[in-house]
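First to last, the protein sequences are chains A and B. For the first sequence, full-length UniProt numbering begins at 1 and goes up steadily by one. For the second sequence, full-length UniProt numbering begins at 1 and goes up steadily by one.
Protein chains: 2
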Amino acid sequence: MGIVVQKYGGSSLADADAIKRVARRIVEVKKAGHDVVVAVSAMGDTTDDLEDLARGVSPLPPAREMDMLLTAGERISMALVAMAISDLGFTARSFTGSQAGVITDSVHGKAKIIDVTPGRITQAIGDGHIVIVAGFQGVSADTKEITTLGRGGSDTTAVALAAALGADVCEIYTDVDGVFTADPRVVPHARKLDRVSYEEMLELAACGSKILHLRCVEYGRRYGVPIHVRSSFSQLEGTWVTNDPQAPSQGDTMEQPIIAGVAHDRSEAKITVVGVPDKVGEAARIFEALAEAQVNLDMIVQNISAAATSLTDISFTLPRTDGQTAMTALARIQAEVGYDKLLYDDKIGKVSLIGAGMRSHPGITSKFFGALASAGVNIGMISTSEIRISVIVDESVVDDAVRATHTAFDLDADEVEAVVYGGTGR
Amino acid sequence: MGIVVQKYGGSSLADADAIKRVARRIVEVKKAGHDVVVAVSAMGDTTDDLEDLARGVSPLPPAREMDMLLTAGERISMALVAMAISDLGFTARSFTGSQAGVITDSVHGKAKIIDVTPGRITQAIGDGHIVIVAGFQGVSADTKEITTLGRGGSDTTAVALAAALGADVCEIYTDVDGVFTADPRVVPHARKLDRVSYEEMLELAACGSKILHLRCVEYGRRYGVPIHVRSSFSQLEGTWVTNDPQAPSQGDTMEQPIIAGVAHDRSEAKITVVGVPDKVGEAARIFEALAEAQVNLDMIVQNISAAATSLTDISFTLPRTDGQTAMTALARIQAEVGYDKLLYDDKIGKVSLIGAGMRSHPGITSKFFGALASAGVNIGMISTSEIRISVIVDESVVDDAVRATHTAFDLDADEVEAVVYGGTGR
Numbered sequence: 001m002g003i004v005v006q007k008y009g010g011s012s013l014a015d016a017d018a019i020k021r022v023a024r025r026i027v028e029v030k031k032a033g034h035d036v037v038v039a040v041s042a043m044g045d046t047t048d049d050l051e052d053l054a055r056g057v058s059p060l061p062p063a064r065e066m067d068m069l070l071t072a073g074e075r076i077s078m079a080l081v082a083m084a085i086s087d088l089g090f091t092a093r094s095f096t097g098s099q100a101g102v103i104t105d106s107v108h109g110k111a112k113i114i115d116v117t118p119g120r121i122t123q124a125i126g127d128g129h130i131v132i133v134a135g136f137q138g139v140s141a142d143t144k145e146i147t148t149l150g151r152g153g154s155d156t157t158a159v160a161l162a163a164a165l166g167a168d169v170c171e172i173y174t175d176v177d178g179v180f181t182a183d184p185r186v187v188p189h190a191r192k193l194d195r196v197s198y199e200e201m202l203e204l205a206a207c208g209s210k211i212l213h214l215r216c217v218e219y220g221r222r223y224g225v226p227i228h229v230r231s232s233f234s235q236l237e238g239t240w241v242t243n244d245p246q247a248p249s250q251g252d253t254m255e256q257p258i259i260a261g262v263a264h265d266r267s268e269a270k271i272t273v274v275g276v277p278d279k280v281g282e283a284a285r286i287f288e289a290l291a292e293a294q295v296n297l298d299m300i301v302q303n304i305s306a307a308a309t310s311l312t313d314i315s316f317t318l319p320r321t322d323g324q325t326a327m328t329a330l331a332r333i334q335a336e337v338g339y340d341k342l343l344y345d346d347k348i349g350k351v352s353l354i355g356a357g358m359r360s361h362p363g364i365t366s367k368f369f370g371a372l373a374s375a376g377v378n379i380g381m382i383s384t385s386e387i388r389i390s391v392i393v394d395e396s397v398v399d400d401a402v403r404a405t406h407t408a409f410d411l412d413a414d415e416v417e418a419v420v421y422g423g424t425g426r
Numbered sequence: 001m002g003i004v005v006q007k008y009g010g011s012s013l014a015d016a017d018a019i020k021r022v023a024r025r026i027v028e029v030k031k032a033g034h035d036v037v038v039a040v041s042a043m044g045d046t047t048d049d050l051e052d053l054a055r056g057v058s059p060l061p062p063a064r065e066m067d068m069l070l071t072a073g074e075r076i077s078m079a080l081v082a083m084a085i086s087d088l089g090f091t092a093r094s095f096t097g098s099q100a101g102v103i104t105d106s107v108h109g110k111a112k113i114i115d116v117t118p119g120r121i122t123q124a125i126g127d128g129h130i131v132i133v134a135g136f137q138g139v140s141a142d143t144k145e146i147t148t149l150g151r152g153g154s155d156t157t158a159v160a161l162a163a164a165l166g167a168d169v170c171e172i173y174t175d176v177d178g179v180f181t182a183d184p185r186v187v188p189h190a191r192k193l194d195r196v197s198y199e200e201m202l203e204l205a206a207c208g209s210k211i212l213h214l215r216c217v218e219y220g221r222r223y224g225v226p227i228h229v230r231s232s233f234s235q236l237e238g239t240w241v242t243n244d245p246q247a248p249s250q251g252d253t254m255e256q257p258i259i260a261g262v263a264h265d266r267s268e269a270k271i272t273v274v275g276v277p278d279k280v281g282e283a284a285r286i287f288e289a290l291a292e293a294q295v296n297l298d299m300i301v302q303n304i305s306a307a308a309t310s311l312t313d314i315s316f317t318l319p320r321t322d323g324q325t326a327m328t329a330l331a332r333i334q335a336e337v338g339y340d341k342l343l344y345d346d347k348i349g350k351v352s353l354i355g356a357g358m359r360s361h362p363g364i365t366s367k368f369f370g371a372l373a374s375a376g377v378n379i380g381m382i383s384t385s386e387i388r389i390s391v392i393v394d395e396s397v398v399d400d401a402v403r404a405t406h407t408a409f410d411l412d413a414d415e416v417e418a419v420v421y422g423g424t425g426r
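Spelled out as C-alpha cells, the structure:
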C-alpha cells in the first residue's frame, strides 16, 4: 500500500513491445494497491544516436548543449511509457527531471543531486496517477539550467526519488536476474544473491560489478532505501540491497554467507615510477601532480627501498582512460623529482573477493591466494579493506582467477542460474 | 544593430551539413552587429518518427504525453544548432519554449500563445549570446504543462518572439525563395513577390498557399512585425510581409500590383443538402448541428427555392478530413429538418484570385471568369471578399484554372524563377 519506485534501463525499453511489457509490469503493481513512481532511461540506442548527431556538428560540443540534447532521450521514453500505460486503461503523467524536482549542482554532464522537491509527483500520486520520471537529468539550483547526472544517473534518480518520497522499495530493473556471486559471463555457475549489504554492494560496484553504480548504492545507504535489483524479463525475486542482510525476507533464514562474491575489472592500467629517491616529500610531489591532473587513483604500492641505492619504486593503478593524462603529468616532473623512468601497463586486471563475513573469519586471504596459485595466477599488487581483498593480475588470466576463487569459496551453484540479456551503461 | 529573429524549418535542418549551413547564416547576422534569436523546428523527419513511435505503443495516445514526446524534436535540433554555432567560435544558448517564456493556454496539441515573457532570452542576449529557441512549443499558464502549438507553430513562435522582443524583422526561412504569385509546381513561370500586405498574405494562406500559416500572419499583423520570407538555400531577398507594401524597400518603387497571386487548395470537399424546406430556422438548424460537431465550414451557397416546391438546396465546403463527421451530424437531423438527401463530393478544388488592388479596379471578376471559361473550366460555387474571389471547380482542372488565371492577369515571369526544395508542415 506504500509507494513503489521502479527504474527501467534502456535495454528494458528497446522498442514498442518492450515498452508495452514494462507498462504491463507497472500496471500490475498499481493494481496490487501501491502508488507507483517510475524512473526511465533513454530507449536502447537513443543516447548513442544523439551523441553521433552532436559529433556530426561539432567535435567538442559545449556541455550545456550536450545536456540539452541528451535529455531528449528520456523525454521520449517517458512519454511513450505513459502512453502505453494509458492504453491499458490507467492514467499516467510523465515529468522531466526538472518538473520532478530533481535539483542538482551546475556541473553539466556529471551533475550531483543536491535536493529533491517532488511536489508535482506527490500531487500527481494524490490524483491517482502513475508517475513516470525522466532519469539521468535534473535542473541546477542556481542557474536553472538542465543538467545530466552522468554514469549511473538513472539508477541514482530512482533511489533519490525513493528517498524523497519515503518509498517502501526502489526496484532497479535490469537485464539480469539480480546481483551474482560473479559475472555470469565469466562464471556460468555464479549464484544469484538473495540479499547483500550496502557495504558489500559498494565494494562490488567499486571493483567492477556493473549491475549497480557506486553512487546509487551510496545514495541508498545514506537514506536507508531498500534497493531490489531484478530482471525486467522475468517475475523472479532479484537481489535485495539493504542495511541488514540478516533480516528475514521471503522466508529465507540462512546464515549470512562469508563471501558475497568475486568481482573483476579490466578497465584499469598500472603505472610504475621507477627509481624514486627515498626522501621525504618525493612521493607527495608525485601524487600532487596526479591530483592536479584530475587523475583518479585506485591501488597504490610502494616497495621498501633497496639499501644500496636509497631508491624506491612506486606503482599505482588508475582508469585506462586517464593513462595518457597521468603519463604526461608525471613526465613533466621528472627533473624535479629525479626519478629514473616510467612504466605503463594496460594489460592488467583486478580480481576482488568481497564479503562482510570476512571481518570475523580468519584465513580468507590465504585461501584466496592459494586458489590463485593453484590456478597458476601470479599476483602483481595487493590491496585490502575490511571486507575486501583485491589483487592485480595479468589481464589474460583474469577469468581463470575469478573461476578458481569462486570455486574455492564454494560459491558455485548446482546449475546455471543466470541469463544475460545484454545491457547499457546509463 | 537591432534584434533579428529567424526561423528555420525542418527541411533547413535535415542533417548535420544543413545544420552547419544554418549556423553559418546565423553567425553572419551576428557578425553584422545584430542580436540574433532563432526559432527552430524539429529536424527533417523527426516529428514523423516520433509519431510512429507513439502509434507503436498506443492507438490513441493522451494529448499531454504526445506533447511531451513531440517537444523532444525541437530540443534535439536547438541543441545541435547551438553546438554548430559554438563550433564557429560564437556562444549560443538554447532554450525550450517553456524556458523562453512562451506561455500558452492548456489545449494540448494546438495550444494558443497567450503571452511571451522572454526574461531568459533578453538576459542571454545581454550576455552576448546567440539565442536558439525551440519552436512549436510552450508551457501552459495555469497548469505549467508542456504544450505544442499545432500546425504553423514554429512560424508563430518566431513572430511571437519578434513581437515580444521588439525585433526589427522576423525572417522565416523556408525551402522556396519567397511568396510566389502561384504555386511554382503548378505554374513554373510564377513570379516571386517582393512585398505583400498582411491582408493579402492572410487571404493567400487561407486559400491554400502553404508558405506561411494563417496564425503566424495574423500574429504578425496584430503586432506589426515585419516578416521576411526567404530561402535558407540562397542569399536572395525573399518576400516582405508588412503593413504597407507601398513603403519603398530595397530600392523598389513599383506601383502596387492589382493582383498579389493565384492560390489553390485541393484539401476541401463539398456537401449539398438537397430539398431543404424553405422555412425560417431550417438552415440555422443545419449549421447548428455542424457547429456542434466542431466542423469548420468555408464557402456556403444557398440557391433560391424552386417556386413550385418551396424546397431549396444548401451547399458548403469543408476540410475533407471533417467530411465523415459532417455527414454523420447531418444524417442525424434528417427527420427533424425534413430534407431530401445529402450529396458528398471530394473531387473538387478551390482557385482564388487575391489582391488588395482589386478593391479599386472594376472588371476583375469578369476577367477572372473569362479566363476560366477560355480554359474550359466550369465554375461550381463562388465566394468573394473585398480582396479575393474564390471559385470551386472540378479537381481535375485546378491546374488549368490556376495557369489560365495567372496568364490572364499578366503574372507570368519571363523566366522560371522558383526552385522548390520540398517542404514540411510544421
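The beta-carbon is built from N, C-alpha and C at its ideal position, and this holds for glycine as well. Bear in mind the structure is a predicted one, so any value in this text is a computation, not a measurement.
Assigned exposure category for residue i - 16 Cβ within 10 Å defines buried
{"i": "B/Thr365", "result": "exposed"}
{"i": "A/Thr71", "result": "buried"}
{"i": "B/Lys350", "result": "buried"}
{"i": "B/Asp410", "result": "exposed"}
{"i": "A/Thr424", "result": "Low confidence applies here, because A/Thr424 scores a pLDDT of 42, under 50, leaving its location unreliable and the question unanswered by this model."}
{"i": "A/Pro184", "result": "buried"}
{"i": "A/Gly281", "result": "exposed"}
{"i": "B/Lys192", "result": "buried"}
Contact set for residue i: own chain, Cβ-Cβ below 6 Å, skip 5 residues either direction
{"i": "A/Asp340", "result": "Val274, Gly275"}
{"i": "B/Thr253", "result": "Low per-residue confidence applies at B/Thr253: pLDDT is 41, beneath 50, and the placement is therefore not dependable enough to give any value."}
Three-way DSSP call (helix, strand, coil) for residue i in this model
{"i": "A/Val391", "result": "strand"}
{"i": "B/Ala269", "result": "strand"}
{"i": "A/Thr181", "result": "coil"}
{"i": "A/Leu60", "result": "coil"}
{"i": "A/Gly349", "result": "strand"}
{"i": "A/Gln294", "result": "coil"}
{"i": "A/Asp142", "result": "coil"}
{"i": "B/Val274", "result": "strand"}
{"i": "B/Thr242", "result": "strand"}
{"i": "B/Gln235", "result": "coil"}
{"i": "A/Ala401", "result": "helix"}
{"i": "A/Ala283", "result": "helix"}
{"i": "A/Thr312", "result": "strand"}
{"i": "B/Gly261", "result": "strand"}
{"i": "A/Val22", "result": "helix"}
{"i": "B/Ala289", "result": "helix"}
{"i": "A/Met66", "result": "helix"}
{"i": "B/Val37", "result": "strand"}
Anticipated Cβ contact below 8 Å, residue i with residue j, distance rounded
{"i": "A/Ala284", "j": "A/Ala329", "result": "In fact, because the Cβ distance is near 14 Å, the residues do not count as touching under 8 Å."}
{"i": "B/Val22", "j": "B/Ser232", "result": "6 Å"}
Residues of its chain near residue i, where Cβ-Cβ distance is below 7 Å and the 5 sequence neighbours each way are ignored
{"i": "A/His129", "result": "Thr91, Ala92, Arg93"}
{"i": "B/Gly135", "result": "Lys7, Ala39, Val40, Ser41, Glu74, Gly153, Ser154, Thr157, Ala158"}
{"i": "B/Asp67", "result": "His108, Gly109, Ile146, Thr147, Thr148"}
{"i": "B/Ala263", "result": "Leu204, Cys207, Gly208, Ser209, Ser352, Ile354"}
{"i": "B/Ser383", "result": "Met299, Ser390"}
{"i": "A/Val63", "result": "This sequence places Ala at residue 63 of chain A; Val is not what is there. The answer, listed in chain order, is His108, Gly109."}
{"i": "B/Gly224", "result": "Asn243"}
{"i": "A/Arg215", "result": "Gly152, Thr156"}
{"i": "A/Met83", "result": "none"}
{"i": "B/Ala79", "result": "Ser94"}
Contacts around residue i, its chain only, beta-carbon distance under 8 Å, and the 5 residues preceding and following it disregarded
{"i": "B/Arg320", "result": "Ser267, Glu268, Ala269, Asp346"}
{"i": "B/Arg359", "result": "Glu386, Ile387"}
Worksheet item: Enumerated in chain order, which unbroken segments of the beta strand (DSSP E) with a length of 3 residues or greater are wholly contained in the stretch 74–137 of chain A?
Response: 92–95, 102–104, 113–116, 130–134
Item to complete: Starting from the N-terminal side, write out each stretch of the beta strand (DSSP E) that is 3 residues or longer and does not extend beyond the stretch 155–229 of chain A.
Response: 169–174, 195–197
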